[in-house]
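Report on one structure; see the data block that follows.
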Amino acid sequence: MHSATGTGESMSGYSQAGAVQNGEAANQRHYRAFVLDADGNVLRIEHLTVQNDDAAISLAGAMVEGRVIELWDGLRFIEHFEPSAATK
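Take -18 as the starting number for the sequence shown in the working numbering and just add one per residue.
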């Protein structure tokens, strides 16, 4: 796991679902998943490049692992993910 640097470095354990191969990057959208601590402070930002909201939601949801995640597309808020009771 990466340290909480806030540099936006990507977590190598997550594949970017919905990513297009063979030079079709123009169809990709750029999202940010904010990993928050229990007080709502940003621990780090993960940059996600996927085809659409559904792919970004799926990928961000897989990142929860006991942390709160907020998914954004620029200034547009998409989703807030809470850790399940079993992972708190």
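We put the CB at the ideal spot given by N, CA and C, even for glycine.
Burial state of residue i (16 or more Cβ within 10 Å)
i	result
E63	exposed
Check whether residue i and residue j have beta carbons under 8 Å apart
i	j	result
Q9	V31	yes
E51	L17	yes
A19	A41	no
6 Å CB neighbourhood of residue i in its chain, flanking five on each side removed
i	result
H61	E51
I38	E60
Residue of the options minimising C-alpha distance to residue i
i	options	result
G55	D20, R48, A43, D34	D34
E46	S39, S65, I38	S65
G21	R57, R48, H11	R48
For residue i, the three-state DSSP class (helix, strand or coil)
i	result
L74	The requested residue 74 is not part of the displayed model; the chain covers only -18 to 69.
A14	strand
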